[in-house]
Structures are given as structure tokens and as C-alpha cells.
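Protein chains in written order, with the numbering used here: chain A, -9 to 72; chain B, 23 to 390.
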Amino acid sequence: FPVAPETEDEDKNIQLVKTYLQNFYKLETDKQSRFKSKNIKPLTEKLKEMQVFFGLKVTGKPDVDTLEVMKKPRCGVPDIGQ
Amino acid sequence: YVLTDGNPKWERKNLTYRIVNYTPDMNSADVDKAIQKAFKVWSDVSPLIFKIIYDGNADIMISFETGDHRDNSPFDGPDGFLVHAFQPRNGIGGDVHFDEAEYWTKGSNGYNLFLVVAHELGHSLGLSHSTDPGALMYPTYSYTEPNEFRLPQDDINGIQTVYGHSGNPIQPTGPTTPVTCDHKLTFDAVATMRGELLFFKDRYFWRKHPQMTEVQLNFISLFWPNLPSGIQAAYENTERDQIFLFKENKYWVLSGYDLVYNHPKSIYDLGFPKNVKRINAAFNDENSGKTYFFVGGKYWRYDENRQSMDQGYPKKIIDEFRGISKNIDAAFQYGRYIYFFIGTRQFQFDPNVKRVVSVMKSNSWFNC
């Protein structure tokens, strides 16, 4: 079946969120997390870190305001750690 | 502000920089100027001195790169992330790489090179991203007219924590970001816009929908890059779906997010005498189609239908709006009331009984 647009959007958003958090909040990529220590902060925790940083409502979910910030052009230097 | 993990800093105060290559988007003299102006932003508030060199290795190498440029941080094409810089250290430390896939300019279109360089140099000097939305070191890009740019106080505090003050006998200060629920908050201008309320202050405005709890703080330039900061008066003509914004003896007309005219108009076209240099506040009375302009202790009344000032004005504010003294900051009409803002207080005036019926905090609309 053709992917329903909202599901397609959802997949795109999830990918956007993961890439953003990997780039700017040190979310481990799937490859990395397989080998790294146990203290992997799941995506939700990293998402909350980003929401705190930008003064957004801390939901741990990719809500509209959070996605809007993630789509804004920005500096490539990470927000947490270097 | 946030200092970079490990507090890296340059041990020398004299640093060199080199522009390794140029973007074809701008002429090279404008690139030189933008970068020089960006270094001055930081040298004005710190003991650092920057000198350009034209070959060999400089402390801060500035270049335009595309995609994967062998520093383990490939660029991502247009938009997304625009640029990155490395913290103070030898070798690649301090260097700034711009994504050539972006469109670099000296104006408000594309990405303004001066603003982005100034931000990146903060990283080159040891600053990380700030959580203050008004700070230069905030991660997301926002346009400010370069000639109006002043380094925010948050960034000054950051760089002076790392390197100390400049030798300047007068310590430069910078703008601070207004806090939505600051009980001392005052406004420059307030207007309705298509059912929402716009509260203007410095280079910001809050956007509030009366039925919603959230209030959004934005840069004016985010919506209207060609508007100045420091708007002094504003009102909406709902019939014409236009907002009029005033600063000094000029005004701009908005229709939604668009500027109706590319250039500001003169308030004297509305019929003000030449001795009026600025307007303190304005509101439009939807019922009568009259717009009230407040200047000092007086007010004028303008007929939007005839597009001219009514005769017999100015009159004293106190004569028509009992309880409202002079030097009003802002005013707007909402429902049957007129709201006047004077400093941290807001006066709800009922024109039917011609008196103030309630006094509130200026930011009472923000549900603090």
C-alpha cells in the first residue's frame, strides 16, 4: 500500500529527530550504541535535554514546537559537549 | 552563556586570522569587511587583538567548504547546519568552516555572513552555545540589521569570564533579553493583529492569542527583516487588515507578514505638525473608525475613512481619558475597553463610563 502521508511524515520526523540529536546532543548512532557502555541515554532523554536547552515544554516527544526548532538553520557546533 | 567543556582558551592576547578562500556569493571586499567587523565585536569587549595575515598558518583559519571536507564533520547541503568552528587549540583549533552550499550575503536575504562569523568566533575563542534566545551564541540563526547589531550582555559576560575586560575605561554593555514574566516588564508598543496581540519591546515582540495560554517571544526580524527594532507605537486598522508601526517620525504598514510599502512613510503625511518628532502610542477605535495618537500629554484623532486628522486637535489626554496621565508607552483597544500601558502598569479604560475600571501589571496578558 502507498505509505499514508502522515506515516511517511512521521518516519521523516523520527529521522530528523535522531539526526539532530546525534549531531548536537551526542545521541549515539545505532552502530555506536551496540559497543558503547551501558549508560546509553535513550532518545527520549536526549530529546528532553534539547527541549530544556531551548526552553521548550519538556515532553520527551517530538511535538510541533520541538520539530519547528529542529528545522531552523543553525550552527553546526553541538549544544552539549564538543 | 556557556564556556566550552574544559574551559579551553588562547594563552596569547594577540591572535592572527587568515581568510583561506572566498565564497562566490559575495564580492571579496564585502567578505573582508564582514569578517573584520565580526572580530571587532569581540575585541571591543575583551583584551584580545586580532591581526590578519595572508599566508602561512594563522591561529584562526577561515574557509568555505562543501560537504565532507575531511574534518570528520561533513556539511549537509543548503540550510540545516550552516557552519562550524573549533575551540581554542593549535592546528585546527580556532578554525571556522562555512558551508559553501549556503547563500552568504551582507544583507537580510540568505545568511548574513557578518552575524554568522561573529557567532563562530565565539566558539573559536572558547564559548559554547548559550541558552539565552537573545544571545549571539544562541544556536539558531536569526537576522539582525548589522548596523543595529550590539553584542548582547550575555555574550559580553561570557567572553569576559574567559579573557577579562577590555582596556577600555568605559566598560561596554549590551542589550539583555526581556523575561516574559519579569514583574518589571514594560513595553514599547502593543497592537492587535488578526485577533492576536503583539507586544513590542526592543528587537523582540511577544505574540499572544487571547484564548491561548502560551505566549511566544520572537525577534521582530524573524517575521519582518526590514523593520527596525525599538518600535514606539502600533495599531491595527482591522477594516483594511493593516498594522501601522511607528518609530521616530516614520511609519511602516504591514498586511499580515508582508510590508505594504518597501520604504517607511512620513508621519507628517498623516497631518502631524513638524514639531511632533515621535508618537508614544496609538489605538484605532473600531466602532468610530477613528485612530487616537498620543504624544506627550496630548492626543490627536485621525479619521481613517477621510484619511485625515480631525479638526480641533491636539487635545489634553487627561480631558478625554480621565486617570490616564501623560507619557503613555502603548495602547490598544480590545472588546469594549481601551488598555493603556504606562511603565509596569496597565490601565483598563472604559470609554462608556469614561474612567479607568482596573489597574493591572503590564504583562498580565502573559498568564504569569
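All C-beta atoms in this analysis are idealised placements derived from N, C-alpha and C, irrespective of residue type, glycine included.
Cα atoms of N190 (chain B) and L70 (chain B): separation of roughly 12 Å, rounded to the nearest angstrom. S384 (chain B) has its alpha-carbon roughly 23 Å from the corresponding atom of P250 (chain B). Contact annotation: the region 100 to 107 of chain B touches the region 131 to 151 of chain B, with at least three C-beta pairs closer than 8 Å.
As the crow flies, the alpha-carbon of T34 (chain A) is around 42 Å from that of K35 (chain B). Pairwise C-beta distances place the region 297 to 316 of chain B in contact with the region 347 to 359 of chain B, as three or more of them are shorter than 8 Å. Contact annotation: in the region 35 to 49 of chain A, residues whose CB is within less than 9 Å of a CB in chain B are V42, F43, F44, G45, K47. The beta strand (DSSP E) runs of length 3 or more contained entirely in the region 233 to 298 of chain B are, from start to end of the chain, 237 to 241, 255 to 259, 264 to 269, 272 to 277.
Listed along chain A are N13, P63, R64, C65, G66, each with a C-beta nearer than 8 Å to that of F103 (chain B). T198 (chain B) is outside the set of residues whose beta carbon lies under 8 Å from a beta carbon in chain A. Per DSSP, the unbroken alpha helix (DSSP H) holding A60 (chain B) starts and ends at 50 to 65.
When rounded, the separation of the alpha-carbon atoms in D210 (chain B) and F305 (chain B) is 14 Å. DSSP, reduced to helix, strand and coil, places T9 (chain A) within a helical segment of the structure shown.
By the CB criterion at 8 Å, S310 (chain B) and Y185 (chain B) fall outside the cutoff.
Within the same chain, Cβ atoms closer than 6 Å to the Cβ of Y160 (chain B) are found at S152, the five residues on either side in sequence being excluded.
A residue is called buried once 16 or more other Cβ atoms fall within 10 Å of its Cβ, and G144 (chain B) is buried on that count. Under the 8 Å criterion on CB atoms, D1 (chain A) is classed as non-interfacial with respect to chain B.
Put simply, of B:T166, B:P30, B:G113, B:I41 the residue whose alpha carbon is nearest the alpha carbon of I75 (chain B) is B:I41. Sequence-distant partners of V24 (chain B) (beyond 5 residues in either direction) whose C-beta falls short of 8 Å from its own C-beta, in its chain, are L149, S150, H151, S152, T153, M159, G180. Comparing alpha-carbon positions, the option among B:T260, B:Y335, B:T162, B:D307 lying closest to E218 (chain B) turns out to be B:T260. Rounded to the nearest whole angstrom, the C-alpha separation of K128 (chain B) and L135 (chain B) is 6 Å. Interface with chain B (8 Å Cβ-Cβ cutoff): V7 (chain A) is excluded.
In chain B, no part has a C-beta under 7 Å from the C-beta of V54 (chain A); the shortest such distance is about 11 Å. Taking 9 Å as the cut-off between beta carbons, the residues of the region 134 to 150 of chain B near chain A are V138, H141, E142, H145, S150, in sequence order. For the region 25 to 36 of chain B, the residues whose beta carbon sits under 7 Å from a beta carbon of chain A are, in order, T26, D27. Considering only B:W246, B:F227, B:R344, B:W32, the residue with the shortest C-alpha distance to Q109 (chain B) is B:W32. Between H106 (chain B) and chain A, the shortest Cβ-Cβ separation is below 8 Å. In the DSSP annotation of this structure, the continuous segment of the beta strand (DSSP E) that includes L220 (chain B) starts and ends at 218 to 223.
Residues R216, S277, G278 of the same chain have their beta carbon placed closer than 8 Å to that of D263 (chain B), with the five preceding and five following residues left out of the count. Secondary structure of A140 (chain B) (DSSP, three-state): helix. Ranked by Cα distance from N131 (chain B), the first of B:P247, B:S386, B:K296, B:R300 is B:P247. The beta carbons of R172 (chain B) and G196 (chain B) sit closer together than 8 Å.
Chain A has no Cβ within less than 8 Å of the Cβ of P110 (chain B).
Going by DSSP, T56 (chain A) is part of the alpha helix (DSSP H) stretching over 54 to 60. Contact between D66 (chain B) and P194 (chain B) holds, with the beta-carbon distance rounding to 6 Å and staying under 8 Å. Spatial neighbours of I84 (chain B) in its own chain (CB-CB distance under 6 Å, excluding positions within 5 residues in sequence) are listed in chain order as I41, V118.
If you look at E87 (chain B), you'll find it in the beta strand (DSSP E) that goes 82 to 87.
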